[in-house]
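For the sequence shown, counting from 1, position 24 maps to 26 in this note's numbering; every step adds exactly one.
Below is one structure, written out as structure tokens, with a few remarks after it.
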Amino acid sequence: MSHEKANVANRNPSPTHEQMLRHLRRSNEVAQRAIGLGHHPFGAVLVGPDNETVLLEQCNIDTVNHAESTLARVAATNFTPEFLWSCTLYTAVEPCCMCAGTAYWANIGRVVFGMTEAQLLTETGDHAENPTMSVSSRYVFDHCQKPVELIGPVEEIAQETIAMQRAFWAQR
Numbered sequence: 003m004s005h006e007k008a009n010v011a012n013r014n015p016s017p018t019h020e021q022m023l024r025h026l027r028r029s030n031e032v033a034q035r036a037i038g039l040g041h042h043p044f045g046a047v048l049v050g051p052d053n054e055t056v057l058l059e060q061c062n063i064d065t066v067n068h069a070e071s072t073l074a075r076v077a078a079t080n081f082t083p084e085f086l087w088s089c090t091l092y093t094a095v096e097p098c099c100m101c102a103g104t105a106y107w108a109n110i111g112r113v114v115f116g117m118t119e120a121q122l123l124t125e126t127g128d129h130a131e132n133p134t135m136s137v138s139s140r141y142v143f144d145h146c147q148k149p150v151e152l153i154g155p156v157e158e159i160a161q162e163t164i165a166m167q168r169a170f171w172a173q174r
């Protein structure tokens, strides 16, 4: 069996829509915690193979320690690559190319997001504190050797996340 087929075969069943909504909303709660700590409103949640167990949560720290990339690095030091391949990273905002790459290198097999990076750019504009890049996580994952599953945007969460992002960046 090829490496790609073996990786796909080892992935856990897809989460239900209800599970995705619950974990994406939790990532927004983690993003609210980031705001309380004086950081930008981004949060990430790592869920185990059962699509229920939350293994890690991480809020944004700064411009090089995003929630998703920090979570992926911590996950890679605490779990085996084989286990992480069957886990799902949830984040209400599509991972930037740095975070998508870090999730890939950590061997996280699935990523679910609410709103797109393009939608974030619309909300933040050219804000100096959040210079978004026009490189989608889809583009990053399409250029990887392993088939990371990407699910998103999830419209119900996109609208909730856009409201939070809009309120935060309007005050900056």
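Each residue gets a CB set at the ideal place from its N, CA and C atoms; glycine is no exception.
Asked                                                                                                                                          : Found
Is it true that the stretch 116-124 meets the stretch 157-169, where meeting means three or more beta-carbon pairs spaced less than 8 Å apart? : yes
Determine the direct distance from the alpha carbon of T79 to that of V150, and round the result to whole angstroms.                           : 19 Å
Round the Cβ separation of C99 and V142 to the nearest angstrom and send it over; I've been treating them as touching at under 8 Å.            : 5 Å
Provide the residue(s) that pair with R28 in DSSP beta bridges, ordered along the chain.                                                       : Note: R28 sits in no beta bridge, so no partner.
Please classify T18: is it buried, with 16 or more other beta-carbons within 10 angstroms of its beta-carbon, or exposed?                      : exposed
Measuring CB to CB, does N14 end up less than 8 Å from N53?                                                                                    : yes
Please report how far the alpha carbon of G111 lies from the alpha carbon of D144, in whole angstroms.                                         : 13 Å
Which residue comes first and which comes last in the beta strand (DSSP E) that contains G48?                                                  : The sequence shown places Leu at residue 48, rather than the Gly named in the question. Here the beta strand (DSSP E) through L48 covers G45 to V49.
Just the C-alpha distance for R75 and P97, rounded to the nearest angstrom, thanks.                                                            : 14 Å
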